[in-house]
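The next block holds one structure in the form of C-alpha cells; read it before the comments.
Number of protein chains: 2
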Amino acid sequence: MPTVSSEELAAAAGVNSAKLRKDFSYLGSYGTRGVGYDVEYLVYQISRELGLTQDWPVVIVGIGNLGAALANYGGFASRGFRVAALIDADPAMAGKPVAGIPVQHTDDLEKIIQDNGVSIGVIATPAGAAQPVCDRLVAAGVTSILNFAPTVLTVPDGVDVRKVDLSIELQILAFHEQRKAGEDHGGTVPPAAAHQEPGEQGPDGDVPAVMPA
Amino acid sequence: MPTVSSEELAAAAGVNSAKLRKDFSYLGSYGTRGVGYDVEYLVYQISRELGLTQDWPVVIVGIGNLGAALANYGGFASRGFRVAALIDADPAMAGKPVAGIPVQHTDDLEKIIQDNGVSIGVIATPAGAAQPVCDRLVAAGVTSILNFAPTVLTVPDGVDVRKVDLSIELQILAFHEQRKAGEDHGGTVPPAAAHQEPGEQGPDGDVPAVMPA
DNA sequence: ATGTCTTTGTGAACGCGTGCACAAAGATGG
DNA sequence: CCATCTTTGTGCACGCGTTCACAAAGACAT
Ligand SMILES: NC(=O)c1ccc[n+]([C@@H]2O[C@H](COP(=O)([O-])OP(=O)(O)OC[C@H]3O[C@@H](n4cnc5c(N)ncnc54)[C@H](O)[C@@H]3O)[C@@H](O)[C@H]2O)c1
Ligand SMILES: NC(=O)c1ccc[n+]([C@@H]2O[C@H](COP(=O)([O-])OP(=O)(O)OC[C@H]3O[C@@H](n4cnc5c(N)ncnc54)[C@H](O)[C@@H]3O)[C@@H](O)[C@H]2O)c1
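Sequence lines, in order, name chains W and H.
Residue numbers in the first sequence follow this note's numbering, run continuously in steps of one, and reach 766 at the last position.
Residue numbers in the second sequence follow this note's numbering, run continuously in steps of one, and reach 766 at the last position.
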C-alpha cells in the first residue's frame, strides 16, 4: 500500500507539515500513525470533499478567441468538468462545431441551462455583454460564474463569481519586478507583500485587488 | 479638484475603510483631512507604486488557441503592458501575423528577449514544452513568468512564477457549489473556507492549492 | 507479548492582519 | 481669528490562522 507522510507532502507543496496535518484532520482521521496516509484513499477523500467526484456540467458563453481556447482546453475533463454547451450571440456561428461541440445561439440559453442542469457558467463575451449574459444565466439557475470579461459583475446573494483577469496577474509580476530593480521609492510598504515562498506559485493570498481599469 | 473619501472607496470596493486608509498610509500621507483623497493624484501614486507608470515589454511563447487569444486581448495595453513579441516553435507560423504582430520562431528566443529588454514572459505552450521554454526564458534574462500550462515550473531564486489554472478556478466554484446543496458530509471543515464577502470576486486569499492533476 | 520507533492528531502559544476608536489636522463658515 | 465639522492617520486590542511541541497511536521487530 503506497503511503506518504505529512512531512513528504509538506516538503513537496512547500508548506508546513503541521498545517497540512491539521487541514487533513478537518476531513477526518485518515492517516495511520507511524506510517502516513494511504495515497489512493487520501486522494479520494480530498476529491470528494472538493466536489470532484461528481460530474459538473459547464456552459461557456461567448465563443470568440478566448472562449474557443477554453473549449479546447483538455484540463477541463480531467478534473470532472464537462462542457455541456457552447453559446454565442453571433448567428453565423450557430451550429458550427468548436472542439467537437456545436455552438448554440443565445436565444436558447435558458433552455440549455435547464435541460442540462447546469449550475456553473463561464463568461467569455466582450465586457459590455457580460452583465446581461450574467443576469440571464443567474435567472436560468446558474449559481457559480467564472468571468473572463474585464468587468465586475453584480449578482444576487447566493451566487459566486470568480474573475480571471490577466492584467492583474501581469500587474502582480510587474510589481515584484519593479522591486527587484532595487530602487529607493519613497513610501514604506509592509514586508508582507514582499515575495512568494518557494513551492507556491499562482493566485494565493497576495496583493490587494483595488484599482480601476 | 475631484476627491474621494476612504469611506466611499471602501464601500465601492467592499472593504473596511480603516484598512483602506492604513494601506494607503504605507504609500505616504496623500490624503487631506476633512476632505479626502485627490483622485487623480491618488491614482498616480498607486500606479507608480504598482509599477504601472512604466512600459513593460512582454513576450508570449506558444501561439496556439490560448496564446492567440491573449495576443488579441486589449486589456494588456491599457495597463502599461506591451506585447513585444510572439514566439512559437511551429515553422509554419513564422512570419504569420497574429493580432498584427508577426510570429517569430523559438530559435531566436534569446535574441528577442535581449533586444527588447523583456523581463516578463507568458507561457502558453503545451504542458510538456513549458519547463524547457521556461528555462530558456530565464537563461535569457526573464525574471517573471506567467504560466498557463498545467505544470508546476521549477525556477531559480529571484524568478517569480504565477500560474493561471482554469481547472482550479472551476474547482473552487464547484467546492462552494457543493456546499450550497447543503448535504451532510462527514468531515467538519472550518467556516473560514465558507464564502466570499460581497464586493470581492476572484483570486483572493481562498482555498489552499494542494492537489495533483 | 513487549519494546522501540515513527508519525499522526491536536492543545497551546505565537504572530499578523483586521477593525475599532479617537486624537490631530485641516477645511469651511461666521 | 475662532469655532465647528469632516475625515485622515494610527495606536491598540481582538481574532484567526499558522507553527510549535508533544502525548498517544499504531506498525514492526524481537
Ligand atoms: N481575463 C483575461 O485574461 C482575458 C484574456 C483575453 C480576453 N479576455 C476577455 O474575454 C472576452 C472575450 O475575449 P475574446 O478575445 O475571445 O473576444 P472575441 O471578440 O474574440 O469573442 C467574443 C465572443 O462573444 C460573442 N458575444 C458577443 N456578445 C455576446 C452575447 N451577448 N452573448 C453571447 N455571446 C456574445 C461574440 O459573438 C464573440 O464570438 C473579452 O471580454 C476579453 O476582454 C480576458
Ligand atoms: N490555464 C488555463 O486556464 C488554460 C486554458 C486553456 C489552455 N491552457 C493550456 O495552455 C497551453 C496552450 O493551450 P492551447 O489550447 O493554446 O494549445 P495549442 O496546441 O493550441 O497551442 C500550443 C502552441 O504552442 C506551440 N508550441 C509547442 N511547443 C513549443 C515550444 N517548445 N516552444 C514554443 N512554442 C511551442 C505550438 O506550436 C502551438 O502553437 C496548454 O498547455 C493548455 O493546457 C491553459
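C-beta atoms are modelled at their ideal positions from N, C-alpha and C, and glycine is treated no differently.
These figures come from a predicted structure and were not determined experimentally.
About 48 Å separates the beta carbon of ASP591 of chain W from that of MET646 of chain W, a gap too long to meet the 8 Å contact definition. A straight-line Cα-Cα distance of about 22 Å links GLY711 of chain W and ALA682 of chain W. Distance check between VAL588 of chain W and each of W:GLU560, W:PRO703, W:ALA565 and W:LYS572 places W:GLU560 closest, using alpha-carbon atoms only. Closest in alpha carbon position to GLY581 of chain W, among W:TYR594, W:ASN569 and W:ASP718, is W:TYR594. A Cβ-Cβ contact shorter than 7 Å links ASN625 of chain H with ALA652 of chain H.
Segment contact: the segment 616-632 of chain H against the segment 664-677 of chain H, three or more CB-CB distances shorter than 8 Å; contact assigned.
Here ASP641 of chain H carries a strand assignment [DSSP, helix/strand/coil]. Residue burial annotation: SER631 of chain H is exposed, with fewer than 16 other C-beta atoms found within 10 angstroms of its C-beta.
ASN618 of chain H has a beta carbon lying within less than 7 Å of a beta carbon in chain W. Under the three-state reduction of DSSP output, GLN657 of chain H falls in the strand class. Contact note: LEU719 of chain W reaches chain H through LEU623, TYR626, GLY628, PHE629, LEU699 and VAL717, using a C-beta cutoff of 8 Å and chain order. A Cβ-Cβ contact shorter than 7 Å links VAL708 of chain W with VAL691 of chain W.
Under the DSSP definition of a beta bridge, LEU723 of chain H lacks any partner. Close CB contacts of ASP661 of chain H within its chain, under the 7 Å cut and outside five residues either way in sequence, are absent.
Judged by their CB atoms, ALA637 of chain H and VAL614 of chain H are not nearer to each other than the 7 Å cut-off. Counting the other CB atoms within 10 Å of its CB gives GLN731 of chain W a total of 16 or more, which places it among the buried residues.
Under the criterion of beta carbons closer than 8 Å, ILE673 of chain W and VAL656 of chain W do not qualify as touching, at roughly 19 Å.
A direct Cα-to-Cα measurement between ASP688 of chain H and GLU722 of chain W gives close to 20 Å. Neighbourhood of GLU730 of chain W in chain H, by CB distance below 9 Å: GLY604, TRP609, SER672, ILE673, THR696, SER697 and ASP713, in chain order. Contact annotation: in the segment 646-672 of chain H, residues whose CB is within less than 8 Å of a CB in chain W are SER672. For SER558 of chain H, the CB contacts under 7 Å within the same chain, skipping 5 residues up- and downstream, are GLY589 in chain order.
When 8 Å is used as the limit between beta carbons, GLN724 of chain H is near these residues of chain W: LEU603, GLY604, LEU605 and ARG632, in chain order.
By the neighbour-count criterion, in which a residue is buried when 16 or more other Cβ atoms sit within 10 angstroms of its Cβ, LYS716 of chain H is buried. SER582 of chain W sits in coil when the DSSP states are folded into three classes, being neither helix nor strand.
Nearest Cα to SER697 of chain H within the set H:GLY567, H:PRO703 and H:VAL714: H:VAL714. Taken in chain order, the unbroken stretches of beta strand (DSSP E) that lie wholly in the segment 605-630 of chain H and span 3 residues or more are 609-614. Taking 8 Å as the upper bound for CB-CB distance, PHE728 of chain W and GLY604 of chain H are in contact here, some 5 Å apart.
For ASN669 of chain W, there is no enclosing beta strand (DSSP E); the residue is found in the alpha helix (DSSP H) stretching over 662-669. Within 7 Å of the CB of ALA693 of chain H, no CB atom of chain W is found; the nearest one sits about 15 Å away. Following the DSSP letters along the chain, one finds SER697 of chain W inside the beta strand (DSSP E) bounded by residues 697-700. The nearest non-hydrogen atom of ligand 2 is less than 6 Å from the C-beta of VAL717 of chain H.
If you check the CB distance, PRO610 of chain W and ASN569 of chain W do not come in under 7 Å. Taking 6 Å as the cut-off, one finds at least one heavy atom of ligand 1 near enough to the beta carbon of TYR626 of chain H. For ARG715 of chain H, the enclosing beta strand (DSSP E) begins and ends at 713-716. According to DSSP, residue pairing for THR556 of chain W in a beta bridge involves W:ASP591.
Chain-ordered listing is empty here: chain H has no CB closer than 7 Å to the CB of PRO709 of chain W, the nearest sitting near 11 Å.
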